[in-house]
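So the protein lines, in turn, are chains A and B.
Under the numbering used here, read the first sequence as residues 2 to 77, first letter to last.
Under the numbering used here, read the second sequence as residues -15 to 375, first letter to last.
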Amino acid sequence: MDIKAKLQEVFRDVFDDGDIELRDNMTAADIEDWDSLAHIQLIVAAEKAFGVKFFTAEVSRLKNVGDFIALIENKL
Amino acid sequence: MLNFSVNEPWFIGLFLIAPFVLRISGRVRKIAFFALSAGLFVLALSSPWQGGITLVFVLLPWVWSRIGKGKWVKLPVILLLVLAFVYLNRYTFMYGFLGVPSLPFKFLGLSYMLFRAIDYLFQYPYLRAHTKAGDILDYINYMFSFYTLSAGPIARFEEFLEDFAAVPEPLEFGRILRLLNRAATGFVKLLFVAEIFHGFAKWGFAGLSGEKNHAVAFLVFAVCNALYIYFNFSGYCDAVIAFAALAGFRLPENFDQPWLARNLAEFWNRWHITLSRWIRDYVYSPLYKFLITSPMKNHLAAARILALFFTFLLAGCWHGATVNYVVYGLTQGLGVAVATIYKSALNKRLGKKKAREFQAKSAVKWIERTICMAYVCLSFTLIGWDMVGLL
């Protein structure tokens, strides 16, 4: 499974919404429940799913899903 | 001693001259900015001790970030900065029982320096790895920028560096007029509108200790006090952001129509935005992450509420050095926690789709906004006024 597909599973799980389809330019504005609170759950779930650790400075500068995928790619 | 306040005539003069001096690029701009910011800070000092202590406070994180390595190495220095801040900003209710005397002078802009220093400590390892950590002049300029020294907005170090390195946007006539218009609007808000509401708030506050009409007095006090704080702070931000833009600096926005907020969580995304962003990234997120990965991993909702209360408690304490601000922080935490519980209860009861439809109704929108603003006004009565003697 590629990173995007795996991350999509993480999103679907965190937001409890099986219809989410990830796009690189997707931002928090595109998913209704994606607030700052859900964002942390997303980060923790992604860390678990990919077996990586993100730093505060990395997480705070993510602008969209594409950035998130690039960050995971760099860590793997 | 210079009074470091944006409504001082010398400050307005400086704002008008700065675009002619600072609209240059490269190292000269950096040096000119340093000379202006550092010079003004020195002129505003009330004692050489104040300058020396501030310099140690500011340079400690810079030196430490270069010496220490490893994930946890910034924790001791953050703790040290916070303890120094508590003492230097005279949080006597926290240390008074120790019998330690406070220093006889106040520190200019220390609250904002603390936030910038912590931001730098978190950002430095990442920026160094990407060879864009800047030099000591960049750091000093970030910490002492005369535009934001006294009351923000809180820019991030990386944003500041990128903005400083960028070629300033050209100033065509229309843009100059728009920026001057925004600055003038800011001053009208700050010097006239805010002062009118301040007068009414004072009248209401005085009425609370009178014989009659307590309800009317409290209503006037609560509403006018919140309006005073809004016009004062947003007026200041308008002026500073516009004047900085004239000199080619882009400062982050701090307000986004806060009266449209439908709950406290949304309110804090529209009010003092740079503070909300900072506490979200450096207090709430690490704490919530810690809680849901170990001690409370099966209790997400409880972890969220605990992290919210703790975050807003700290934010409240940061705003001022009295017990009022502790209670104020807790009321904000309570408001955001209620907003979170309300949203998940609505989704549970109606389902996500119907909950969305329900919240799209105009009546619901306005009821939520009214309740939110009433709560904001009520909780803001704790800021700047000592209600303790009256309750």
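Beta carbons: idealized from backbone N, C-alpha and C, even for Gly.
Treat the numbers as computed from the prediction; the structure is a model and nothing was measured.
I think B/MET78 touches B/MET127, with their Cβ atoms under 8 Å apart; what is that distance to the nearest whole Å?
Here residue 78 of chain B corresponds to residue number 94 of the second sequence, with the count starting at 1. Here residue 127 of chain B corresponds to residue number 143 of the second sequence, with the count starting at 1. With a Cβ gap of about 25 Å, B/MET78 and B/MET127 do not count as contacting.
Going along the region 263 to 274 of chain B in order, which residues come within less than 8 Å of chain A, judged by CB to CB distance?
From the region 263 to 274 of chain B, only ARG264, ASP265, TYR266, TYR268, SER269, PRO270, TYR272 and LYS273 have a Cβ closer than 8 Å to chain A.
Taking just the CA atoms, how far does B/ARG340 sit from B/ILE351?
In the second sequence, the residue the question calls residue 351 of chain B occupies position 367. In the second sequence, the residue the question calls residue 340 of chain B occupies position 356. Roughly 16 Å between the two C-alpha positions.
Of all the options B/TYR214, B/ALA150 and B/PHE227, which has the alpha carbon lying nearest to the alpha carbon of B/ARG166?
Working through the second sequence from its first residue, we reach residue 166 of chain B at position 182. Closest by alpha carbon: B/PHE227.
Taking the C-alpha atoms as reference points, what is the distance between B/LEU174 and B/GLU(-8)?
Position 190 of the second sequence holds residue 174 of chain B. Position 8 of the second sequence holds residue -8 of chain B. Each residue's Cα considered, the two are about 12 Å apart.
I believe A/PHE69 touches A/LEU8 by the beta-carbon criterion, under 8 Å. Please report the beta-carbon distance rounded to the nearest angstrom.
Within the first sequence, the letter at position 68 stands for residue 69 of chain A. Within the first sequence, the letter at position 7 stands for residue 8 of chain A. Yes, they are in contact, since the Cβ atoms of A/PHE69 and A/LEU8 sit about 7 Å apart, within 8 Å.
Tell me the residue span of the alpha helix (DSSP H) that contains B/ALA305.
Here residue 305 of chain B refers to the residue found at position 321 when the second sequence is read from its first residue. Segment: none, B/ALA305 is in no alpha helix (DSSP H) and carries neither H nor E.
Determine the burial state of B/TYR272: buried for a count of at least 16 other Cβ atoms within 10 Å of its Cβ, exposed for fewer.
Walking along the second sequence from the start, residue 272 of chain B turns up at place 288. By the neighbour-count rule (16 or more Cβ atoms within 10 Å), B/TYR272 is buried.
In angstroms with no decimal places, state the Cα-to-Cα distance between B/SER31 and A/ILE41.
As a working mapping, residue 31 of chain B is identified with position 47 in the second sequence. As a working mapping, residue 41 of chain A is identified with position 40 in the first sequence. Taking the straight line from one Cα to the other gives about 44 Å.
Using a beta-carbon distance below 8 Å, is B/GLN107 in contact with chain A?
Against the second sequence, residue 107 of chain B aligns to sequence position 123. It does: the Cβ of B/GLN107 has a partner Cβ on chain A nearer than 8 Å.
What's the C-alpha gap between A/GLU59 and B/TYR108?
Within the first sequence, residue 59 of chain A is the residue found at index 58, counting from 1. Within the second sequence, residue 108 of chain B is the residue found at index 124, counting from 1. Whole-angstrom Cα-Cα distance: 11 Å.
Rounding to the nearest angstrom, what Cα-Cα distance links B/ASN253 and B/ALA22 in this structure?
The residue you call residue 253 of chain B lines up with position 269 of the second sequence. The residue you call residue 22 of chain B lines up with position 38 of the second sequence. Rounded to whole angstroms, B/ASN253 to B/ALA22 spans 33 Å at the Cα level.
Restricting to runs no shorter than 4 residues, where is the alpha helix (DSSP H) found entirely within the region 79 to 121 of chain B?
For the region 79 to 121 of chain B, whole alpha helix (DSSP H) runs of length 4 or above, ordered along the chain, are 94 to 113.
Could you tell me whether the region 146 to 156 of chain B touches the region 203 to 213 of chain B, where touching means 3 or more Cβ pairs closer than 8 Å?
These segments do not touch.
Are the beta-carbon atoms of B/TYR212 and B/ALA245 separated by less than 8 Å?
Position 228 of the second sequence, counted from the start, is the residue given in the question as residue 212 of chain B. Position 261 of the second sequence, counted from the start, is the residue given in the question as residue 245 of chain B. In this structure, B/ALA245 does not lie closer than 8 Å to B/TYR212 by Cβ.
Taking Cβ positions only, does A/ALA58 come closer than 8 Å to chain B?
Taking the first residue of the first sequence as position 1, residue 58 of chain A is located at position 57. Chain B, which has a Cβ nearer than 8 Å to the Cβ of A/ALA58, makes this yes.
Look at the Cβ atom of B/ASN238, then the Cβ atom of B/THR258, and state whether they are nearer than 8 Å.
On the second sequence, position 254 is the one that residue 238 of chain B refers to. On the second sequence, position 274 is the one that residue 258 of chain B refers to. The answer is yes: Cβ separation under 8 Å.
Could you tell me whether any Cβ in chain A is nearer than 8 Å to the Cβ of B/THR324?
As a position in the second sequence, residue 324 of chain B is number 340, starting the count at 1. Judged by the 8 Å Cβ criterion, B/THR324 is in contact with chain A.
What residue from A/ALA29, A/ILE32, A/ILE73 and A/ASP18 has the CA that sits closest to A/GLY52's CA?
Taking the first sequence and counting its residues from 1, the one referred to as residue 52 of chain A is at position 51. Of A/ALA29, A/ILE32, A/ILE73 and A/ASP18, the residue nearest in Cα terms is A/ILE73.
Kindly list, in the order they appear in chain A, the residues whose Cβ is closer than 7 Å to that of B/ILE15.
Counted from its first residue, the second sequence places residue 15 of chain B at position 31. Per Cβ cutoff of 7 Å: no residues; B/ILE15 is ~28 Å from chain A at best.
Give the secondary structure of B/LEU175 by DSSP, where H, G and I count as helix, E and B as strand, and everything else as coil.
The residue you call residue 175 of chain B lines up with position 191 of the second sequence. B/LEU175 falls in the helix class under three-state DSSP.
Cβ of A/LEU38 less than 8 Å from any chain B Cβ?
In the first sequence, the residue the question calls residue 38 of chain A occupies position 37. Yes, because at least one Cβ of chain B sits closer than 8 Å to the Cβ of A/LEU38.
Using Cβ-Cβ distances below 8 Å, what residues of the region 305 to 319 of chain B are close to chain A?
Those residues of the region 305 to 319 of chain B that come within reach of chain A (Cβ to Cβ, closer than 8 Å) do not exist; the list is empty.
Just the C-alpha distance for B/SER129 and B/LEU111, rounded to the nearest angstrom, thanks.
The residue given as residue 129 of chain B occupies position 145 in the second sequence. The residue given as residue 111 of chain B occupies position 127 in the second sequence. Approximately 20 Å between the Cα atoms of the pair.
State the Cα-Cα distance for the pair B/VAL380 and B/VAL66, rounded to the nearest angstrom.
Chain B is shown only over -15 to 375; residue 380 of chain B falls outside these bounds and no answer can be derived.
Where B/ALA223 and B/VAL5 are concerned, what is the direct C-alpha to C-alpha distance, given to the nearest angstrom?
In the second sequence, the residue the question calls residue 223 of chain B occupies position 239. In the second sequence, the residue the question calls residue 5 of chain B occupies position 21. When rounded, the distance between both Cα atoms is 19 Å.
Residues in the same chain with beta-carbon distance under 8 Å from B/PHE215, minus the five sequence neighbours each way, listed in chain order, please.
Here residue 215 of chain B refers to the residue found at position 231 when the second sequence is read from its first residue. Excluding sequence neighbours, B/PHE215 sits near LYS173, LEU174, VAL177, ALA178 and PHE181.
For A/ALA47, which residues in the same chain have their Cβ closer than 6 Å to its Cβ, ignoring the five residues on either side in sequence?
To locate residue 47 of chain A, count along the first sequence from 1; it is residue 46. Hits under 6 Å: VAL11.
Taking only beta-carbon atoms, is A/ILE21 less than 8 Å away from chain B?
Locating residue 21 of chain A in the first sequence gives position 20, where the first residue counts as 1. So, not an interface residue.
Using a Cβ-Cβ distance cut-off of 8 Å, determine whether B/THR132 contacts chain A.
Here residue 132 of chain B corresponds to residue number 148 of the second sequence, with the count starting at 1. Answer no: the Cβ-Cβ gap between B/THR132 and chain A never drops below 8 Å.
Is the Cβ-Cβ distance between B/GLN316 and B/LEU235 less than 8 Å?
Looking up residue 316 of chain B in the second sequence gives position 332. Looking up residue 235 of chain B in the second sequence gives position 251. Going by C-beta atoms, B/GLN316 is not nearer than 8 Å to B/LEU235.
Which residues of chain A have a Cβ atom closer than 9 Å to the Cβ of B/TYR104, listed in chain order?
Taking the second sequence and counting its residues from 1, the one referred to as residue 104 of chain B is at position 120. Chain A residues near B/TYR104: none, gap ~11 Å exceeds 9 Å.
Please report how far the alpha carbon of A/LEU63 lies from the alpha carbon of B/ILE367, in whole angstroms.
Counted from its first residue, the first sequence places residue 63 of chain A at position 62. Counted from its first residue, the second sequence places residue 367 of chain B at position 383. Near 34 Å, if we compare the C-alpha coordinates of B/ILE367 and A/LEU63.
Beta-carbon separation of B/LEU163 and B/ALA210 under 8 Å?
By one-based count along the second sequence, residue 163 of chain B stands at place 179. By one-based count along the second sequence, residue 210 of chain B stands at place 226. No, Cβ-Cβ distance for B/LEU163 and B/ALA210 is not below 8 Å.
Straight-line CA distance for B/VAL348 to B/THR354?
Here the question's residue 348 of chain B lines up with position 364 in the second sequence. Here the question's residue 354 of chain B lines up with position 370 in the second sequence. Their backbone Cα atoms lie some 10 Å apart in a straight line.
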